[in-house]
Amino acid sequence: MARMTMIQAIRSAMDNSMERDDNVVVFGEDVGYFGGVFRCTEGLQKKYGPQRCFDSPINESGIIGSAIGMATYGVRPCVEIQFADYVFPGFDQLSQEAARIRYRSNNDFTVPMVVRMPTGGGIFGGQTHSQSPEALFAHISGLKTVIPSNPYDAKGLLISAIEDDDPVIFLEPKRLYNGPFDGHHDRPVTPWSKHDLGDVPEGHYTVPLGKAAIRREGEDVTVLAYGTMVYVAEAAAQEAGVDAEIIDLRTILPLDMETIEASVKKTGRCVVVHEATKTCGFGAELMAVVMEGCFYHLEAPIIRVTGYDTPYPHAHEWDYFPGPKRVGDALKKVMENA
Amino acid sequence: MARMTMIQAIRSAMDNSMERDDNVVVFGEDVGYFGGVFRCTEGLQKKYGPQRCFDSPINESGIIGSAIGMATYGVRPCVEIQFADYVFPGFDQLSQEAARIRYRSNNDFTVPMVVRMPTGGGIFGGQTHSQSPEALFAHISGLKTVIPSNPYDAKGLLISAIEDDDPVIFLEPKRLYNGPFDGHHDRPVTPWSKHDLGDVPEGHYTVPLGKAAIRREGEDVTVLAYGTMVYVAEAAAQEAGVDAEIIDLRTILPLDMETIEASVKKTGRCVVVHEATKTCGFGAELMAVVMEGCFYHLEAPIIRVTGYDTPYPHAHEWDYFPGPKRVGDALKKVMENA
Amino acid sequence: MSDHEPLSLYVPEPEFRPGDEPDFSNVSIPEAGSVRRPDIDVKAEDIHDLAYSIIRVMNRKQEAVGPWADLLNDEQVQAGLEDMMRVRAFDARMQMAQRQGKTSFYMQALGEEAIACAFAKVLEPGDMNFPTYRQQGLLLSSDYPMVDMINQIYSNKADPLMGRQLPIMYSSKKHGFFTVSGNLATQFIQGVGWAMASAIKGDTKIATSWIGDGSTAESDFHSALVFASTYRAPVVLNIVNNQWAISTFQGIARGKAATFAARGLGFGIPSLRVDGNDYLAVYAVSKWAADRARKGLGPTLIEHVTYRAGAHSTSDDPSAYRPKQESDAWPLGDPIERLKNYLIKRGAWSEARHVQAKEMIETQVAEANREAVKNGTLHDGPHVSARTMFDDVYKEMPPHLRRQRQEAGV
Amino acid sequence: MSDHEPLSLYVPEPEFRPGDEPDFSNVSIPEAGSVRRPDIDVKAEDIHDLAYSIIRVMNRKQEAVGPWADLLNDEQVQAGLEDMMRVRAFDARMQMAQRQGKTSFYMQALGEEAIACAFAKVLEPGDMNFPTYRQQGLLLSSDYPMVDMINQIYSNKADPLMGRQLPIMYSSKKHGFFTVSGNLATQFIQGVGWAMASAIKGDTKIATSWIGDGSTAESDFHSALVFASTYRAPVVLNIVNNQWAISTFQGIARGKAATFAARGLGFGIPSLRVDGNDYLAVYAVSKWAADRARKGLGPTLIEHVTYRAGAHSTSDDPSAYRPKQESDAWPLGDPIERLKNYLIKRGAWSEARHVQAKEMIETQVAEANREAVKNGTLHDGPHVSARTMFDDVYKEMPPHLRRQRQEAGV
Ligand SMILES: Cc1ncc(C[n+]2csc(CCOP(=O)(O)OP(=O)(O)O)c2C)c(N)n1
Ligand SMILES: Cc1ncc(C[n+]2csc(CCOP(=O)(O)OP(=O)(O)O)c2C)c(N)n1
Ligand SMILES: [Mg+2]
Ligand SMILES: [Mg+2]
């Protein structure tokens, strides 16, 4: 067991996987010699050689398209898109190809592939280094979408993703790379070395896809969150003095409906939180499934707290970001409603 | 006034617009000499010359990217993507560029552009000629998304879209091109020439973006639908004997919340219908906004009837398509719930 | 006001439209045998001329001549002729089946049969094609059962793809035929990735990617060239230039300059043009390229120059956009006629034998069709159970799909 | 088992890595004045050689020689030198400002100043650049106010872009500078579309698109070439090959063959390489290309060969992936030094005047900075009101955004 940052944990997942399975290859923009702009692949080229970890041309469709071809060969590519904002030139290959090859070929060809990408804001990245596109992936049948919130999960989930026989989108909340960020941008962030979830086994282990984790048990209201918003919700609950049950979804597709329903049926209230823009965000789906599964248990309308329906503005980052104040207000409001 | 099919109405909208405004140009794959695979642009090249209506290379990113450049020049491109399934190579240009250029340049550059594309299934088009990607557009701040359900609206909405100063996605339910299809695939379809909404003025008129239409007034339940599903809902209501109020959204972004809320507050029940896959489809957003706006008026959980979360299967088209039976069952169920 | 002359947009137009008399006499076509045959380890910059010429083997006297000739014996050529005849007969039968309502859709390879049929012969077991929808010749020249193809086209209960895919979007890993996509060009880079994987694993298999002239405009054509050239992937990149993309002539994808093959030169990829209606030339050039890939010399780009003699698909009517006689006027002739005449000239075939072969093939096709019809057709069924519609979206069915299947009551 | 040798993946590597002694003595660089200057209506196929050579004007003796020389008088060249010095001084000041926390991010054009500065001079009012993030020289060589640039970089209350955009992502229609995107390559095709619009309207304006070496791998590079060549758009397509894309050397985008300029040849687009550190050569080639566009002769592709002497951005440290001395060893020298020496040799400049000019420019920059700081800086503010965050997503604010703004309470 070691203390790791989320970056180290992600690297360790790839390292373990490459060591265990010759078929695992890693590539993407700047991931080879340099080890990635966030250093997630540092040292892998040195250890496994340039044939298994290499720099790619700047062409996201090429990265994903070639990875699809490799995957159908039997290799297991784990590729990096430098920022989630840059996945869109490859969206055709993901949504129309990777997602459907197993189905359309009746299992003749399959695409065991992971597409990793840093997601979310909070680093003054402006509109092109801050987006959270998870809802777009969740709408595509055939993809799985994972969003870890801490080093332990990040490693275990990434190993599961690499070992999964279907294409997995692995979104890494970049604001969490070095510590759990609760939205209080004016306060120092605890580093992962001082956080229990920074305890990460050096060897192989998995965290299953499709299982949520309850981060905080509570009686009053269920908060559905993932990635950075888990910590924002924790801070909000504490500050608002609401006994919230905070569920970290971890995988948004497949979704752990069992855990969600059990919690909402217990609390009778629900707040949904994400950083992505509101309209047609994953929060809408969460509201829909909670309504479908728990309507008669709901004592108040579900509230969602999300990014606004504008591009992510550079200077107004903290006005845009759904921080503890906004989430806390929602918690209080959902408690008042009846 | 003339009777027109939806194809003729769409053509007429472009024809009127090109006649009134020299800046309107039309291009896309096969739209020039031939007039489009669905013949929507037939005759326009002959009338306005190849500089204003022309064939493009098969490159959707190029079509949309060059249209963006043209629009920032001051030309008003109305481009065709041959099938909505093929918009994805251009998704980067749409979601990251067209949608944000006004915002990021503080109005210095703007993108008055329409991207037309046939959408939806029902023609045995299989997984690559049947998709309904509207939810993906609705999640992108800066785009407007329109889905007409009849010739009159199609023409009026398309003229509005062309005259709009922002990028508009114009989704044409291809199963409605020739007549209102109610999902009874084994029965003949009434042609538009025999339908009141096939009455289309030959000249210029507009139907405003962002305004829904109530297709059938009713007291029991509100059905939110658009495109082909409007007719399926009508058939379902009749067959199920439910006094449904059927709202044709026409524009899904901006959404006409006023009409929706007034109706649901009146009926206390709501069914949401679309052909797109379920998870994170636009139905989730509709459920969310109805819950946000009308929770205390809801007497039963909202039900959504949608395509299943699989690719659109060729041979099982009618098992997949959310037809009048499935919608009718939902109407009955929402009436039983309390 | 500006001192400059006003600009205007140039919009390329094909030479002939309906009503025009097509005349290709000014098209310069190199003589058979006239184009040199470099060593396979030649550098791209030393053969730029081959991207602007056309490699041809059969001359007007129906002889095979020049440095690209004499790679196949008569028996092999006879088999090749029969392969092409099989494709044509199969297409004709399926075209009719579509008209009869047995399926929703069909696409012929009429006039282009030589390309896939000859190419199939340079591949080895384990190699993988990443085809478009017009390379049925690859399957029909190997031992893939015709009846399985028809089952797929009819989406019937024996459809190997469970009725999920459009007709003709075959898939057969075993026969080196990657699952065809409806989205153009995506397979071009996927084939490069597959070839890269073979190289990463230290294997010996090669890939081939296929694309149409119109689809070279798509971005994934570029992705493929970038990745193939950078990593020297063992892949053959085939462009089938059949002059038309639905109603759009190749000049819209190409502009009115250079050639499609020339697109490879800027990447340092050896690039050749070949007479796609000359079975012997296609074979020779394809072999040259496959050998390069197999020897670790990297990618080759081949432009197969041909003509789409039929409609784009059963949904298309070309008389709306090109002269009916254009196909006959097309100067490269018919691939089957040409190979037949070559064999006859050599005394290795005859008109009688041709008629006989044709009958035999048509009988085989008819039999396969009868066999397939027993399994059902699109509109009359039977199909596989609708329940299977929910399978194989993922390896294991996630709970939400299980729920949806239950709701569907299938 | 296969009879063939195992394949292996080729992964290009740069010649030198940290710890290596960079030595470019084997790089062949054509002598200044040695490359011919064709007429502007030349056909692409007649100048293939220019895509493989490098057009240079200033020789080692600091003289301007050959057919591309003598287009600018001393006064113009002096102004050009000062433009480049302004870019460098501005970059240095802003780099420091980022370190001081006045902004989140900055990107220098160190070593590449000649390209944008010289290019700016061939444009006319109304023309439009579609730049990347490294063409600040276009603005600094025209009359765009430096203080507005800094206001944008500081996202302060006078930021013309309302704090919405990343620093340096300027926009100025008036100054022919298209709103810079964070997404690579998208502007390359947009510029082509803009140029097509000018042609459609029968106007006389031309566009120029800009892209980096690494970004040529993106698909929109291909889209741009396809559309520009097909419609003969009045556009100049500029590739700035500064050898590096963040940590990735240009061989990953290019493979180890051909040149970036050669990519244009397959499209029949006249394509030239120019010494990007030679102000006079850049001007001459750019003028040639702009004249072609303006005369309706269509697109030109220019590869400007240069070297990114600084870090990719303030988030980057190049010592991790290339030798520190590589920049100095780079054989094309420094563009400012070279132009300065040329002018001195002509007696039109002096060391003293240079020092004086440098001081004057640095003072201007410092003054502009002081002025801008008064309007605020990123972390200390003031910014424009957060309320404006909801504006301009659409021309008119739709109800849902009005509601969200209200909820935000701003
Ligand atoms: C991404 C995408 N865009 C558009 C289409 C529609 N489409 C199908 S075939 C075709 C023409 C292709 O022409 P070409 O590449 O020359 O191939 P050919 O049909 O001649 O064999 C078009 C535009 C598609 N299938 N996919
Ligand atoms: C679509 C997209 N992919 C990746 C990136 C991340 N990125 C920013 S700059 C850069 C390198 C670009 O290199 P080059 O084109 O050579 O331009 P240079 O920085 O050298 O001027 C990368 C990969 C991006 N901004 N957009
Ligand atoms: Mg074609
Ligand atoms: Mg660069």
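Chains as they are written, first to last, in my numbering: chain A, 1318 to 1655; chain B, 1318 to 1655; chain C, 644 to 1053; chain D, 644 to 1053.
From the three backbone atoms N, C-alpha and C, an ideal C-beta is built for every residue, glycine too.
Bear in mind that the values here come from a model prediction, so they are computed numbers and not experimental data.
- For C:ALA850, the enclosing beta strand (DSSP E) starts and ends at 850-855.
- The C-beta distance from A:GLY1439 to A:PHE1638 rounds to 6 Å, short enough to fall under 8 Å.
- Scanning the stretch 920-983 of chain D from its first residue to its last, the whole alpha helix (DSSP H) runs of 4-plus residues come out as 922-937 and 969-972.
- For the C-beta of C:PHE910, the chain D residues within less than 9 Å are, from N- to C-terminus, ARG897, GLY898, ALA900, ALA901, ALA905, ARG906 and GLY909.
- In this structure, B:ALA1326 sits away from B:TYR1548, with a CB-CB distance that is not shorter than 9 Å.
- Only those residues of the stretch 1559-1581 of chain B whose C-beta falls short of 7 Å from the nearest C-beta of chain A are listed: LEU1570.
- If you compare the alpha carbons of C:TYR922, C:TYR749, C:PHE864 and C:GLN833 with that of C:ALA675, the shortest gap goes to C:TYR922.
- Put simply, of A:LYS1491, A:THR1523 and A:PRO1618 the residue whose alpha carbon is nearest the alpha carbon of A:PHE1441 is A:LYS1491.
- At least one heavy atom of ligand 3 falls within 8 Å of the beta-carbon of C:TRP887.
- C:VAL948 has its Cβ no nearer than 8 Å to any heavy atom of ligand 3.
- C:GLN778 and C:TRP837 do not touch by the CB rule: their CB atoms are close to 16 Å apart, not below 8 Å.
- Distances from the alpha-carbon of A:ARG1532 to those of A:LYS1511, A:THR1523 and A:PRO1465 put A:PRO1465 closest.
- Within chain A, SER1378, GLY1379, GLY1382, ASP1409 and GLN1410 have C-beta atoms less than 9 Å from the C-beta of C:ASP863, given in sequence order.
- Only SER1383, ALA1384, ILE1385, GLY1386, MET1387, ALA1388, THR1389, TYR1390, GLY1391, VAL1392 and PRO1394 from the stretch 1383-1394 of chain B bring a Cβ to less than 9 Å from some Cβ of chain D.
- Taking 7 Å as the cut-off between beta carbons, none of the residues of the stretch 1599-1620 of chain B comes near chain C.
- Restricting attention to alpha helix (DSSP H) runs no shorter than 4 residues, the stretch 776-853 of chain C encloses them at 779-783, 789-796 and 829-843, ordered along the chain.
- Against B:GLU1480, chain C offers no close residue; the least beta-carbon distance is about 23 Å (beta-carbon pairs closer than 9 Å).
- For C:PRO657, no Cβ of chain D is located within less than 9 Å of the residue's own Cβ.
- Taking non-hydrogen atoms of ligand 1 into account, the C-beta of C:ASP856 is found less than 8 Å away from one of them.
- Taking the Cα positions, D:SER784 is about 8 Å away from D:GLY723.
- Listed in chain order, the non-local C-beta contacts of A:PRO1406 below 8 Å within the same chain comprise ASN1376, GLU1377 and SER1378, local neighbours out to five positions each way being set aside.
- Around the CB of C:ARG1045, fewer than 16 other CB atoms lie within 10 Å, so the residue is classed as exposed.
- The beta carbons of D:GLY919 and D:ILE889 sit no closer together than 9 Å.
- Taking the C-beta atoms as reference points, A:HIS1631 is found nearer than 9 Å to D:ARG807.
- Under the Cβ criterion of 9 Å, C:ILE811 is not counted among the residues facing chain A.
- Within chain B, the residues PHE1408, ASP1409, SER1412 and GLN1413 have their CB atoms less than 8 Å from the CB of A:PHE1405, given in chain order.
- If you draw a straight line from the Cα of D:ALA752 to the Cα of D:ALA761, it is about 14 Å long.
- In the three-state scheme derived from DSSP, where H, G and I count as helix and E and B as strand, B:PRO1641 is classed as helix.
- Distance from C:PRO966 to C:PRO665 at the Cβ level is roughly 5 Å; contact confirmed, criterion being Cβ atoms closer than 8 Å.
- Annotation for A:VAL1588 indicates a beta carbon at 8 Å or more from all heavy atoms of ligand 3.
- The three-state secondary structure of A:ILE1619, taken from DSSP, is coil.
- Inclusion of D:PRO655 and D:VAL678 in the CB contact set at 9 Å is not warranted, their separation being larger than that value.
- Taking a 10 Å sphere around the C-beta of D:SER814, we find 16 or more other C-beta atoms and assign the residue as buried.
- In the three-state reduction of the DSSP assignment, A:ARG1532 falls in the strand class, which pools E and B.
- In terms of beta-carbon proximity, D:TYR776 stays away from the interface with chain B, with every pair separated by 9 Å or more.
- Between C:GLY855 and C:LEU880, the C-beta spacing is not below 9 Å.
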